[in-house]
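*Asks:* Pasting in a structure now, in structure tokens, and then I'll have a few things to ask.
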Amino acid sequence: MKLERIILACVSLAGFANTTLAADAGKDLYTKTCAVCHAAGIAGAPRYGNAAEWQPRIATGVARLYSNAIQGTSKGMPPKGGNAEASDGDIKAAVDYMLASVKGGAAKPAPAVAAAPAKPAAAAATAAPAAAPTAAVDPSSNTSGVPAADINSFNRLLRPIGKRNPPPVEDGIHDPANDGTLALMAPLAAYGPLPKSLAGNRVNWVKAIEENKINPRWDRNDQAATPVVIDLNIVREVKGSMPDVVYPHKQHTEWLDCSNCHPAIFVPQKGANAISMAAILLGEKCGVCHGKVAFPVSECRLCHSKKKDFRPAQAQAAAAPK
Amino acid sequence: MFGKSAVQRLLLVAMALATVFLVDIDEARAEYGDVVINNYSDAAGMRPAIFPHWFHRVRFRCKVCHADLGFKFKAGGNEINMVKIIDGQFCGACHNGELAWSVENCNLCHSGKPGTPTQVHESTVQKLAPAALQKK
Numbered sequence: 001m002k003l004e005r006i007i008l009a010c011v012s013l014a015g016f017a018n019t020t021l022a023a024d025a026g027k028d029l030y031t032k033t034c035a036v037c038h039a040a041g042i043a044g045a046p047r048y049g050n051a052a053e054w055q056p057r058i059a060t061g062v063a064r065l066y067s068n069a070i071q072g073t074s075k076g077m078p079p080k081g082g083n084a085e086a087s088d089g090d091i092k093a094a095v096d097y098m099l100a101s102v103k104g105g106a107a108k109p110a111p112a113v114a115a116a117p118a119k120p121a122a123a124a125a126t127a128a129p130a131a132a133p134t135a136a137v138d139p140s141s142n143t144s145g146v147p148a149a150d151i152n153s154f155n156r157l158l159r160p161i162g163k164r165n166p167p168p169v170e171d172g173i174h175d176p177a178n179d180g181t182l183a184l185m186a187p188l189a190a191y192g193p194l195p196k197s198l199a200g201n202r203v204n205w206v207k208a209i210e211e212n213k214i215n216p217r218w219d220r221n222d223q224a225a226t227p228v229v230i231d232l233n234i235v236r237e238v239k240g241s242m243p244d245v246v247y248p249h250k251q252h253t254e255w256l257d258c259s260n261c262h263p264a265i266f267v268p269q270k271g272a273n274a275i276s277m278a279a280i281l282l283g284e285k286c287g288v289c290h291g292k293v294a295f296p297v298s299e300c301r302l303c304h305s306k307k308k309d310f311r312p313a314q315a316q317a318a319a320a321p322k
Numbered sequence: 001m002f003g004k005s006a007v008q009r010l011l012l013v014a015m016a017l018a019t020v021f022l023v024d025i026d027e028a029r030a031e032y033g034d035v036v037i038n039n040y041s042d043a044a045g046m047r048p049a050i051f052p053h054w055f056h057r058v059r060f061r062c063k064v065c066h067a068d069l070g071f072k073f074k075a076g077g078n079e080i081n082m083v084k085i086i087d088g089q090f091c092g093a094c095h096n097g098e099l100a101w102s103v104e105n106c107n108l109c110h111s112g113k114p115g116t117p118t119q120v121h122e123s124t125v126q127k128l129a130p131a132a133l134q135k136k
């Protein structure tokens, strides 16, 4: 890959073979950004190399495909595939790269393929000066994005910091063309003083209340009403090596009414409810809230917080009859 | 019995957990807990309504909406419409020009991209769903 980069740099230095550069940029961006959806067809994305799925789209014209790839569509194609840093030229190159995978599929792609080599050349005339420095800078500045091609890259599949807590206009569900969208508050404008966490809103809501950073109302109109907090921990033993789960009533009753959980989600009796991770992941039991509004399921330690004194013989004895 | 089903279940959990982690990537980017409500909006030619949990939970505890006002824990599960809102139910209990700005600000609520389905953003289920589709 290094070697390729060097060659690539030389080639671009020579101001030569713009198409090669564009094609490589297209492949790079495809693997980095687009493949996530377009390799397996997630959410209905037309698959790389699947002519039947691209056919009807190609028929609508390559220009439309470019603009839909750049601006996104309401059916799940995010603007620029979610990679806001990519230039329009790179996006077009990635589209070309995908289209090249289905060339010769049927009669229709012919014009598209004919157009494909022509387009990058034309685009390169304007985009190449911009694209070349990006390619050159990429390996050194890891903050801007993760070069997928670099085998030593870290956090390849994690969301870059700049993409967390996006303002409504950029979040992919609000319509940027709606004037009201611009009036809405950006999460980060409110989160500044709040204690941080590693997931979800990336705000530690429990601490935010404890430290009096926020005091959300318990009654719609009466600012003075206070919650009925009970301090009752329920320990749920977990089979295997995972620490036991401590369910704390205290943190929950700060936010919720007893009737929110009892009896619809949990019978109020210790051990009376069958809870499993599978159910939680499917949005039942603790998963009614955790993984949707309260902190997400990835935060194992917050729930599995009680270390067990590990006695293997007993653990086995306990597991055997079950 | 620590039989087949238990093993299968663990496998399922492991696979699902893997997906939860792997898919913390670019495909869904909205703020955690944002709810798109689109039972009727698209059909009525309005943009879908978007309810931001983060913004409201800074001001109100869950109990206010989910116990006092009777919002069920189910995106799209409350059959909210404008008549109910104007009559002071659901969003209208607060968006009445006293506690919060009132209903004439259509575009503040109806701010979603047309065609966006009812869903809770960034939820585990939303992240698992593509994986389920993929298997087919």
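Those protein sequence lines, which keep their order, are chains A and B. Heads up: the first sequence is residues 1 to 322, going by this note's numbering. Heads up: the second sequence is residues 1 to 136, going by this note's numbering. By construction, the Cβ of each residue, glycine as well, lies at the ideal position given by its N, Cα and C atoms. Computed from a predicted model, the values in this text were never measured in an experiment.
1) Go through the segment 214–288 of chain A residue by residue and report every complete run of the beta strand (DSSP E) that reaches 3 residues or more, in order.
2) Does DSSP classify A/D175 as helix, strand or coil?
3) Please list the terminal residues of the continuous beta strand (DSSP E) segment that includes A/P187.
4) Whose C-alpha, out of B/Q126, B/V125, B/K113, is nearest the C-alpha of B/P48?
5) Quick one: is A/V229 buried, meaning 16 or more other Cβ sit within 10 Å of its Cβ, or exposed?
6) Starting from A/V36 and walking both ways along the alpha helix (DSSP H), at which residues does that stretch end?
7) Who are the Cβ neighbours of A/R217 in its own chain at under 8 Å, not counting the five residues just before and after it?
8) List the endpoints of the continuous alpha helix (DSSP H) containing A/V62.
9) Beta carbon of A/K308, beta carbon of A/P243: below 8 Å?
10) Are the C-beta of A/M323 and some C-beta of chain B separated by less than 8 Å?
11) Starting from B/I80 and walking both ways along the beta strand (DSSP E), at which residues does that stretch end?
12) Determine whether the beta carbon atoms of B/C55 and B/F71 lie at a separation below 8 Å.
13) Check distances from the C-beta atoms of the segment 178–190 of chain A to those of chain B and list, in chain order, the residues that come in under 8 Å.
14) Looking only at C-alpha atoms, which of A/Q71, A/K32, A/K163 sits nearest to B/S30?
15) Using only alpha-carbon positions, find the residue among A/N68, A/E237, A/I42, A/C289 that is nearest to A/K324.
16) Here's a check: name, in chain order, each residue in its chain whose Cβ is nearer than 6 Å to the Cβ of B/A100, leaving out the five neighbours to either side.
17) Report the rounded CA-to-CA distance for A/K306 versus A/G240, giving the unit in angstroms.
18) Shortest alpha-carbon distance to A/A100 belongs to which of A/K75, A/T73, A/M77, A/V62?
19) Compare the C-beta of B/Q134 against all C-beta atoms of chain A and say whether one is closer than 8 Å.
20) Could you list which residues in chain A have their beta carbon closer than 9 Å to that of B/I85, in chain order?
21) Applying a beta-carbon distance threshold of less than 8 Å, which residues of chain B neighbour A/D175?
22) Going by alpha carbons, who is nearest to A/V169 out of A/S276, A/I234, A/L182, A/K196?
23) Quick check on DSSP: helix, strand or coil for B/P52?
24) Name the residue from B/H53, B/D42, B/V64 whose alpha carbon lies nearest to the alpha carbon of B/Y32.
25) Please state whether the Cβ-Cβ distance between A/Y30 and A/M98 is less than 8 Å.
26) Which residue's Cα is closest to the Cα of B/L108: A/D175, A/N83, A/L194?
27) So which residues on chain B does A/P324 lean against when the C-beta distance must stay under 9 Å?
28) Using the rule of at least 16 other Cβ atoms within 10 Å of the residue's Cβ for burial, across every protein chain shown, is A/C300 buried or exposed?
29) How is the alpha helix (DSSP H) around A/V102 delimited, first residue to last?
30) For B/N39 versus B/T116, is the C-beta spacing smaller than 8 Å?
31) Can you have a look at A/M185 and say buried or exposed, based on whether 16 or more other CB atoms are within 10 angstroms of its CB?
32) Classify A/R64 as buried or exposed, calling it buried when 16 or more other Cβ atoms lie within 10 Å of its own Cβ.
33) Which of helix, strand or coil does DSSP assign to B/D34?
34) Flag A/P323 as yes if its beta-carbon sits less than 8 Å from any beta-carbon of chain B, otherwise no.
35) For chain B, check one thing: does any of its Cβ atoms lie closer than 8 Å to the Cβ of A/L281?
36) Taking contact to mean at least 3 C-beta pairs separated by less than 8 Å, is the segment 229–238 of chain A in contact with the segment 197–216 of chain A?
*Replies:* Let's see:
1) Complete beta strand (DSSP E) runs here, min 3: 233–236, 245–248.
2) By one-based count along the first sequence, residue 175 of chain A stands at place 175. Of the three classes helix, strand and coil, the one that applies to A/D175 here is coil, per DSSP.
3) What you label residue 187 of chain A is simply residue 187 of the first sequence in a count that begins at 1. Careful: A/P187 lies outside any beta strand (DSSP E), inside the alpha helix (DSSP H) at 187–191.
4) Here residue 48 of chain B refers to the residue found at position 48 when the second sequence is read from its first residue. Checking every option, the nearest Cα to that of B/P48 belongs to B/K113.
5) Residue mapping note: residue 229 of chain A aligns to position 229 of the first sequence, counting from 1. A/V229 is exposed by the Cβ-count criterion.
6) As a first step, residue 36 of chain A is located in the first sequence; it is residue number 36 there, counting from the start. For A/V36, the enclosing alpha helix (DSSP H) has its first and last residue at 35–38.
7) Taking the first sequence and counting its residues from 1, the one referred to as residue 217 of chain A is at position 217. Around A/R217: Q223, A225.
8) As a first step, residue 62 of chain A is located in the first sequence; it is residue number 62 there, counting from the start. For A/V62, the enclosing alpha helix (DSSP H) has its first and last residue at 62–71.
9) The sequence position of residue 308 of chain A within the first sequence is 308, counting from 1. The sequence position of residue 243 of chain A within the first sequence is 243, counting from 1. Contact flag set, yes.
10) Residue 323 of chain A falls outside the range modelled here, since chain A spans only 1 to 322, and no answer is possible.
11) The residue given as residue 80 of chain B occupies position 80 in the second sequence. In the DSSP assignment, B/I80 falls outside any beta strand (DSSP E) and carries neither an H nor an E.
12) Here residue 55 of chain B refers to the residue found at position 55 when the second sequence is read from its first residue. Here residue 71 of chain B refers to the residue found at position 71 when the second sequence is read from its first residue. With the sequence shown as reference, residue 55 of chain B is identified as Phe, and Cys is not the correct amino acid for it. No, they are not a contact pair.
13) Among the residues of the segment 178–190 of chain A, those with a Cβ less than 8 Å away from any Cβ of chain B are N178, D179, G180, T181, A183, L184, M185, P187, A190, in the order of the chain.
14) If you number the second sequence from 1, residue 30 of chain B lands on position 30. What sits at residue 30 of chain B in the sequence shown is Ala, not Ser. Considering only A/Q71, A/K32, A/K163, the residue with the shortest C-alpha distance to B/A30 is A/K163.
15) In the structure as shown, chain A starts at 1 and stops at 322, and residue 324 of chain A therefore has no counterpart that could be examined.
16) Taking the second sequence and counting its residues from 1, the one referred to as residue 100 of chain B is at position 100. Closer than 6 Å at the Cβ level, and outside the excluded window around B/A100, lie C94.
17) The count along the first sequence starts at 1 and reaches residue 306 of chain A at position 306. The count along the first sequence starts at 1 and reaches residue 240 of chain A at position 240. Using only the alpha carbons, I get a separation of about 13 Å.
18) Residue numbering aside, residue 100 of chain A sits at position 100 when the first sequence is read from its first letter. It is A/V62 whose Cα lies nearest to the Cα of A/A100.
19) Along the second sequence, read from residue 1 onward, the residue named residue 134 of chain B stands at position 134. Residue confidence for B/Q134 is low, a pLDDT of 35 falling below 50, so the modelled location carries little weight and cannot support an answer.
20) The count along the second sequence starts at 1 and reaches residue 85 of chain B at position 85. The premise fails here: B/I85 is roughly 15 Å from chain A at the closest Cβ pair, so nothing lies under 9 Å.
21) Sequence index remark: in the first sequence, residue 175 of chain A carries index 175 (1-based). Listed by position along chain B, the residues whose Cβ is nearer than 8 Å to that of A/D175 are R47, S111, G112, K113, P114.
22) Taking the first sequence and counting its residues from 1, one reaches residue 169 of chain A at position 169. Taking only the C-alpha atoms, the option nearest A/V169 is A/L182.
23) Numbered from its first residue, the second sequence carries residue 52 of chain B at position 52. Looking at B/P52 - three-state DSSP - the assignment turns out to be strand.
24) Working through the second sequence from its first residue, we reach residue 32 of chain B at position 32. Checked all of B/H53, B/D42, B/V64; the closest Cα to B/Y32 is B/H53.
25) Position 30 of the first sequence, counting from 1, holds the residue named residue 30 of chain A. Position 98 of the first sequence, counting from 1, holds the residue named residue 98 of chain A. One thing to note: A/Y30 has its Cβ within 8 Å of the Cβ of A/M98.
26) Working through the second sequence from its first residue, we reach residue 108 of chain B at position 108. When A/D175, A/N83, A/L194 are compared, the shortest CA-CA separation from B/L108 is found for A/D175.
27) Past the boundaries of the shown model lies residue 324 of chain A; chain A is included only from 1 to 322, so the question cannot be answered.
28) Reading the first sequence from its first residue, position 300 is the one you call residue 300 of chain A. Exposed: under 16 other Cβ atoms inside 10 Å.
29) The residue you call residue 102 of chain A lines up with position 102 of the first sequence. Segment: none, A/V102 is in no alpha helix (DSSP H) and carries neither H nor E.
30) Start at 1 with the first residue of the second sequence, and residue 39 of chain B comes out as number 39. Start at 1 with the first residue of the second sequence, and residue 116 of chain B comes out as number 116. No, Cβ-Cβ distance for B/N39 and B/T116 is not below 8 Å.
31) Against the first sequence, residue 185 of chain A aligns to sequence position 185. So A/M185 ends up on the exposed side.
32) In the first sequence, the residue the question calls residue 64 of chain A occupies position 64. By the 10 Å Cβ count, A/R64 comes out exposed.
33) Translated into the one-based positions of the second sequence, residue 34 of chain B becomes position 34. For B/D34, the three-state secondary structure derived from DSSP is strand.
34) This structure does not reach residue 323 of chain A, given that chain A is present from 1 up to 322, and the question cannot be answered.
35) Counted from its first residue, the first sequence places residue 281 of chain A at position 281. A Cβ of chain B is located within less than 8 Å of the beta carbon of A/L281.
36) Too few Cβ pairs lie closer than 8 Å, so no.
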